[in-house]
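Trainee: Here you go, one structure.
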Amino acid sequence: MKFSMLPSVFAQLFKKPWTNKFPAKYAPANTTKFLKDVGEGKAKINPPVEVPKNFRGKIQYDKEKCIGCKLCIKVCPCEAIEFKPDEKKIKIYVSRCCFCSQCNDICPANCLSMSDEFLLADADLNSKDLIVE
Amino acid sequence: MKQKSTTKTTYQIPVGPIHPALKEPVHFEFEIDGERIVNANVKLGHVHRAVEWASRKRNPIQILYLAERICGICSFCHPGAFALSVEDAGDIEIPDRAEYLRVIHAELERICSHLLWAGVAAHEIGFDTVLYLTWQVREKALDLTEYLTGNRVTKAIMTIGGVRRDITDDMLPRVREDLEYFKKAFLKLKKAFLDDKTVKMRAQNVGILTKEDAIKLCAVGPTTRASGVKKDVRVDTSYFAYGDLDLDYITPDIITGSVNGDVYDRIIVRLLEVKQAVELIEQCLDIMPKGDIVSEPKLAKLLNQLKKIEGEGIGRMEAPRGEVYHYVKMDGNEAPFTWKVRAPTYSNILPWIPMLKGEQIADIPIVAASTDPCMSCTNRVGIVKDKDSYELTKEELHKLSIEKTRRLKL
């Protein structure tokens, strides 16, 4: 079979490309400006592929519910959780988090959950977006 | 090794640590005579990450995620084997349903891994259209993994005494649909790989590992099965639910009728194992009982239980590349006393030498890739002193040991 790939090739010619052009169809000349425009509502972002149901994204923390039992610190594999002794609450460094959601499983007060948010790249490890408290 | 006394002199070619065949660092030293490889030598130790050392201050639940990061492709096998070893040490019973769920995840991982390897192998011989064809199928397998576990690579599905997430009834149609797709894709891939002139030209009679060598050098996994050795932990020891399932050793003579032990046979074995994995998942879905998925749903209680374990445990599992072996010793503390990992590639490195001898330089990438090596899994010891890495011989180690005894006496 010398030309067995031809059917595939022709089918591919007329198919829509699989790649989702996220966040913009063409790479913007200035990314920071593009993101600023998006923030002001001037430009529109091409939506990302939807995440699955059980996706483990950035951690969410309900401070009111937390009882300060420190169990999450005990199971966290990457020491991403810090205890604040005077408040008896926790502080989570998302830059260290490995998204295993083990803390969600052990939490007796159900104050931790995983969100859908996955755009967590940042130049500063300790930026405000990457610390949950 | 000594050179042979011929009139022509051989010359040395170093390949690596950045190697064309591998995405990971390993260093080869080849002794070349013209185009032929006379001798080969392998050096390891470039990606040692002290994973076992890091386990000394973590409890078994935390180590599961450490084990998951030993290898990105075997992110179920390593925590799986670790969980098996802890369960062995602590006599923890696993619910039936969890055993089947573990098989499903292990086999799904095998599909991903073998398809990844098949794509890389096609790329190594310069057949990039097949690389894209294979990885198109693999993408589907990764999507299914994401659907079942939440993430594509680091699954975080294993826990001690079961699995963390169930496959509910509403997920089944999607799983079955994807399995049908894999079956169709398997036929397509089988044609693309096994009937193709280019693949046959480059893979047949290249990198031969004889049955005797495979047994002598303790090769594991598809590498040894391609040489006709019937060795598969799934059949031999039947961990998880494999004892209830219908499976047999995959050897290349199922298709070709004979065993050569060349690269082509390794392709056959891996492709057939993809088909076998799909069938195993189907069997599991059919006979999986209802019930619990973990032995102890309360994690705090489980942690307490794990703290009390005293003793040794062994976890053996058939990873996509072969047998992975975890040894753990618990001494009643939170962290294990010791944890030792032996990844399959460790056993598959020595067979490289008989495989590569007598081959051409251009065959190095495909032959080296044909054992599906994973260097990050394998690198367990690395010695760095004064910023120069060096190796320790037996005598030196003995001398160091004596010195330490003397030091302690003082």
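If you're matching them up, the sequences are chains A and B in order.
For the first sequence, our numbering assigns the number 3 to the initial residue and increments by one for each residue that follows.
For the second sequence, our numbering assigns the number 4 to the initial residue and increments by one for each residue that follows.
Cβ coordinates follow ideal geometry from the N, Cα and C atoms, glycine included.
At least one CB of chain A closer than 8 Å to the CB of ILE76 of chain B: is that the case?
Mentor: Closer than 8 Å: no.
Trainee: For LEU197 of chain B and ILE271 of chain B, what's the separation of their Cα atoms in angstroms?
Mentor: Their Cα atoms are separated by approximately 7 Å.
Trainee: Tell whether a beta-carbon distance below 8 Å holds between SER116 of chain B and ILE73 of chain B.
Mentor: It is not a contact, given that the beta carbons lie outside the stated cut-off.
Trainee: What residues from chain E crowd round ILE108 of chain A, counting only those whose CB sits closer than 7 Å?
Mentor: Protein chains A and B are contained in the structure displayed, whereas chain E is not.
Trainee: How many Å lie between SER97 of chain A and ILE133 of chain A at the Cα?
Mentor: Whole-angstrom Cα-Cα distance: 8 Å.
Trainee: For ARG98 of chain A, would you say it is in contact with chain B, using Cβ-to-Cβ distances shorter than 8 Å as the test?
Mentor: No - not a single Cβ of chain B is within 8 Å of the one on ARG98 of chain A.
Trainee: Taking buried to mean at least 16 other C-beta atoms within 10 Å of its own C-beta, is HIS329 of chain B buried or exposed?
Mentor: By the neighbour-count rule (16 or more Cβ atoms within 10 Å), HIS329 of chain B is buried.
Trainee: Note down, in chain order, every chain B residue with its Cβ under 8 Å from the Cβ of LYS76 of chain A.
Mentor: The answer, in chain order, is ASN62 and LEU306.
Trainee: How about LYS26 of chain B: is its Cβ closer than 7 Å to a heavy atom in the ligand MN?
Mentor: By its list of ligands, the structure shown contains no ligand whatsoever, and the ligand MN lies outside what it can speak to.
Trainee: In chain B, which residues lie less than 8 Å from PRO54 of chain A when you measure between Cβ atoms?
Mentor: Neighbours of PRO54 of chain A on chain B, chain order: GLU149, TYR150 and GLY153.
Trainee: Does TYR68 of chain B have its Cβ less than 8 Å from a Cβ in chain A?
Mentor: Taking Cβ atoms only, chain A reaches closer than 8 Å to TYR68 of chain B, which makes this a yes.
Trainee: Which runs of the alpha helix (DSSP H) fall wholly inside the stretch 12–73 of chain B and span at least 4 residues, in chain order?
Mentor: Fully enclosed alpha helix (DSSP H) runs of 4 or longer: 54–57 and 63–71.
Trainee: With a CB to CB cut of under 6 Å and the five nearest residues on each side skipped, what residues in its chain are close to GLY224 of chain B?
Mentor: Cβ neighbours of GLY224 of chain B beyond the five flanking positions: ARG324, GLY325 and PRO347.
Trainee: Determine the chain B residues that contact SER103 of chain A at a beta-carbon separation under 7 Å, and present them in chain order.
Mentor: In chain order: ALA159.
Trainee: Considering Cα atoms alone, identify which of B:GLU285, B:GLY318 and B:ILE66 is closest to GLU180 of chain B.
Mentor: The option with the nearest alpha carbon to GLU180 of chain B is B:GLU285.
Trainee: Are there three or more Cβ pairs, one per stretch, closer than 8 Å when the stretch 364–378 of chain B is compared with the stretch 332–350 of chain B?
Mentor: Verdict: yes, contact present.
Trainee: Near ALA82 of chain A, what residues of its chain come up, given a Cβ to Cβ distance below 7 Å and the 5 sequence neighbours on each side ignored?
Mentor: The residues are ILE94, TYR95, ARG98 and CYS99.
Trainee: In the DSSP output, what is GLN1 of chain A paired with across the bridge?
Mentor: The first residue shown for chain A is 3 and the last is 135, placing residue 1 of chain A beyond what the model contains.
Trainee: Would you give the residue range spanned by the beta strand (DSSP E) that ILE92 of chain A belongs to?
Mentor: Looking at the DSSP string, the run of the beta strand (DSSP E) that includes ILE92 of chain A is 91–95.
Trainee: Are GLU20 of chain B and GLU32 of chain B close, meaning C-beta to C-beta below 8 Å?
Mentor: Sequence inspection shows Pro at residue 20 of chain B; the Glu mentioned does not correspond to that position. Result no, Cβ atoms of PRO20 of chain B and GLU32 of chain B do not sit closer than 8 Å.
Trainee: Does the Cβ-Cβ distance between SER103 of chain A and MET116 of chain A come in under 8 Å?
Mentor: Yes. Within cutoff.
Trainee: In this structure, how does DSSP classify GLN363 of chain B when only helix, strand and coil are distinguished?
Mentor: It is a strand residue.
Trainee: Counting pairs of beta carbons, one from the stretch 225–245 of chain B and one from the stretch 106–116 of chain B, are three or more of them closer than 8 Å?
Mentor: Cβ pair count under 8 Å is three or more, so yes.
Trainee: Using a Cβ-Cβ cut-off of less than 8 Å, give me the residues of the stretch 79–99 of chain A that come near chain B, in sequence order.
Mentor: Here the close residues are PRO79 and CYS80.
Trainee: Identify, in the order they occur along the chain, each residue of the same chain with its Cβ nearer than 6 Å to the Cβ of ALA84 of chain B, setting aside the five sequence neighbours on each side.
Mentor: Same-chain partners within the cutoff: GLY318, MET320, VAL327 and HIS329.
Trainee: Determine the closest residue to LYS219 of chain B out of B:ILE35, B:ALA57, B:PRO354 and B:TYR135, with distance taken between C-alpha atoms.
Mentor: That would be B:PRO354, whose Cα lies nearest to the Cα of LYS219 of chain B.
Trainee: With the cut-off set at 8 Å, would you say PRO110 of chain A and CYS71 of chain A are in Cβ contact?
Mentor: Yes. Within cutoff.
Trainee: Residues of chain A with a CB under 7 Å from the CB of ARG205 of chain B: which are they?
Mentor: Under the 7 Å cutoff, chain A gives no residues; its nearest Cβ is about 18 Å from ARG205 of chain B.
Trainee: Does chain B have any CB closer than 8 Å to the CB of LEU73 of chain A?
Mentor: Taking Cβ atoms only, chain B reaches closer than 8 Å to LEU73 of chain A, which makes this a yes.
Trainee: For GLY314 of chain B, count neighbouring Cβ atoms within 10 angstroms of its own Cβ and tell me buried if that reaches 16, exposed if not.
Mentor: Looking at its Cβ environment, which holds fewer than 16 other Cβ atoms inside 10 Å, GLY314 of chain B is exposed.
Trainee: In the DSSP assignment, the beta strand (DSSP E) including MET333 of chain B goes from what residue to what residue?
Mentor: Residues 325–334.
Trainee: Measuring CB to CB, does ALA57 of chain B end up less than 8 Å from LEU69 of chain B?
Mentor: Taking 8 Å as the Cβ cut-off, ALA57 of chain B and LEU69 of chain B qualify as a contacting pair.
Trainee: How is THR408 of chain B classed by DSSP in three states: helix, strand or coil?
Mentor: In the structure shown, THR408 of chain B sits in a helix (DSSP, three-state: H, G or I).
Trainee: Going by beta carbon distance, what residues of the same chain come within less than 7 Å of GLU276 of chain B, once the five residues before and after it are set aside?
Mentor: Excluding residues within five positions, the ones whose Cβ falls inside 7 Å are ARG113, HIS117, PRO225 and ILE253.
Trainee: Taking the alpha-carbon of LYS293 of chain B as reference, which of B:LYS301, B:PRO98 and B:GLY164 has the nearest alpha-carbon?
Mentor: Minimum Cα distance to LYS293 of chain B is reached at B:PRO98.
Trainee: Select from B:ALA92, B:TYR135, B:MET161 and B:SER88 the residue whose C-alpha is nearest the C-alpha of GLN101 of chain B.
Mentor: Rather than Gln, the amino acid found at residue 101 of chain B in this sequence is Ala. For ALA101 of chain B, the nearest C-alpha among the options comes from B:MET161.
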